[in-house]
Structure formats: structure tokens, C-alpha cells
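Asker: This is the structure I have questions about; it appears just below.
Residue numbers (this note's numbering): 12 to 181.
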């Protein structure tokens with residue numbers, strides 16, 4: 012069941028393969044506007060891709076609602092200097108948020124050739140105050156590994172179990 016996936020992932024030490032999605036919801040905590048000046052990616056380690064099997068679970072995407080603006084960005088983790096870049100049709104930083112005007116950022120980080128540990132840094136300012144917020148996975152870097160020709164399996168929507176990747180109709 013889809014609801015069991017997070018526990019299975021944690022128990023097996025699974026790592027996202029090929030691409031990883033991170034969603035950030037940003038909102039001010041007071042009356043002042045906060046300017047989000049930029050978002051940077053920091054690479055901690057870059058290794059050969061993991062030799063493990065590749066498992067993909069098909070499930071419907073979960074929306075983000077109530078009229079909150081969403082912004083989409085990509086990160087090419089295989090680049091010598093990975094950078095956060097707006098996806099086509101999206102604008103780049105700066106953005107502003109307040110208590111009544113949040114923003115939602117969808118970040119798609121992708122790699123095909125490496126196993127990358129990484130995190131994000133959000134630079135912000137509000138009046139005379141400024142800072143950098145580190146965004147990671149509960150105090151640890153995010154980790155994304157290229158698929159590297161590994162054996163793939165998928166659990167299709169409504170399926171009964173794992174099948175070879177690419178054997179089901181999408």
C-alpha cells in the first residue's frame with residue numbers, strides 16, 4: 012500500500028533514483044515582508060551511482076491547493092557546479108513572502124551519473140535583517156543516485172505487486 016511506502020523506504024535505507032522532488036512552503040511569521048533573495052544547492056559528496064535495483068511506485072500526485080502560488084525549479088546534480096534554475100515558463104528569484112502571502116517551491120533534482128548528497132541554502136532579507144536558511148532532510152543532506160542501467164521494477168497503480176520496469180501501460 013502507498014501509505015506503507017515511507018516505512019519501507021526508511022527500513023531499507025532506500026535512496027531516490029534518477030530524480031528527487033523537494034517541496035518548500037515558505038511563509039513569513041509576522042507583519043513584515045520577507046524577500047527571498049536566492050536558492051543555492053550545495054553538494055556534500057558525489058560518488059559513483061549505487062549498484063542497487065531501481066524500484067518505482069506509481070501513485071497519483073498530491074496537489075497543493077488554496078490558490079497558493081507555486082514555482083518550479085530544477086537542479087542538474089551531474090553538473091560540475093549544480094545550480095537551482097527556474098523551469099521553462101517560470102521566473103527566477105527574488106520572491107517575497109509574508110504571513111498572508113506564502114510561496115510554494117517545487118524543486119526537481121536530477122542525476123544520471125552520480126550518487127549525490129546535497130542540500131539547499133535559501134538567502135533572505137527583511138528590513139535590516141538577513142540570513143541563510145539551510146534546507147536538508149531532518150539534519151542530513153538529501154541523497155539522489157543515478158539509475159546507471161540498474162535492473163528496474165515498478166508497482167503500478169492498482170497493481171498487485173512488483174513487475175519489471177516498462178512492462179505496464181502508463
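Ideal Cβ positions, reconstructed from N, Cα and C, are used throughout, including at glycine.
Ends of the alpha helix (DSSP H) at residue 19?
Answerer: From DSSP, the alpha helix (DSSP H) with residue 19 extends over 16 to 23.
Asker: Please state whether DSSP places residue 158 in a helix, a strand or coil.
Answerer: The answer is coil: DSSP assigns residue 158 none of H, G, I, E or B.
Asker: Counting C-beta neighbours from all protein chains within 10 Å, is the total for residue 99 16 or more, i.e. buried, or is it exposed?
Answerer: Residue 99 is exposed by the Cβ-count criterion.
Asker: Our contact map puts residue 28 next to residue 128 with C-beta atoms below 8 Å; I'd like the distance itself, whole angstroms only.
Answerer: Contact doesn't hold; Cβ gap of about 14 Å is too wide.
Asker: Taking the alpha-carbon of residue 84 as reference, which of 147, 35, 169 has the nearest alpha-carbon?
Answerer: Here the closest residue by C-alpha is 35.
Asker: What are the boundary residues of the beta strand (DSSP E) that includes residue 41?
Answerer: That residue, residue 41, is in no beta strand (DSSP E); it is neither H nor E in DSSP.
Asker: Sort 105, 170, 176, 144 by Cα distance to residue 158 and report the nearest one.
Answerer: That would be 176, whose Cα lies nearest to the Cα of residue 158.
Asker: By alpha-carbon positions, which one of 30, 95, 66, 145 ends up nearest to residue 174?
Answerer: Ranking the options by Cα distance to residue 174, first place goes to 66.
Asker: Could you tell me which of 118, 123, 104 sits nearest to residue 89, measuring between CA atoms?
Answerer: Of 118, 123, 104, the residue nearest in Cα terms is 123.
Asker: Rounded to the nearest angstrom, how far is the Cβ of residue 108 from that of residue 39, given a contact under 8 Å?
Answerer: Confirmed, Cβ separation roughly 5 Å.
Asker: Go through its chain and collect everything with a Cβ distance to residue 52's Cβ below 7 Å, but skip five positions before and after it.
Answerer: 86, 93, 94, 95, 129, 131.
Asker: Does any residue of chain C have a CB that is nearer than 8 Å to the CB of residue 137?
Answerer: No chain C appears in the structure shown, which is made up of a single protein chain.
Asker: Can you have a look at residue 59 and say buried or exposed, based on whether 16 or more other CB atoms are within 10 angstroms of its CB?
Answerer: Residue 59 comes out exposed.
Asker: When you compare each of 162, 43, 68, 41 to residue 19 by their alpha carbons, which one comes out closest?
Answerer: Selected option, being the one with the closest Cα: 68.
Asker: Thinking C-alpha only, which one of 137, 152, 145, 162 is nearest residue 47?
Answerer: Comparing Cα-Cα distances from residue 47 to each of 137, 152, 145, 162, the minimum goes to 137.
Asker: Quick check: what's the CA-CA separation for residue 141 versus residue 135?
Answerer: Cα to Cα, residue 141 sits roughly 6 Å from residue 135.
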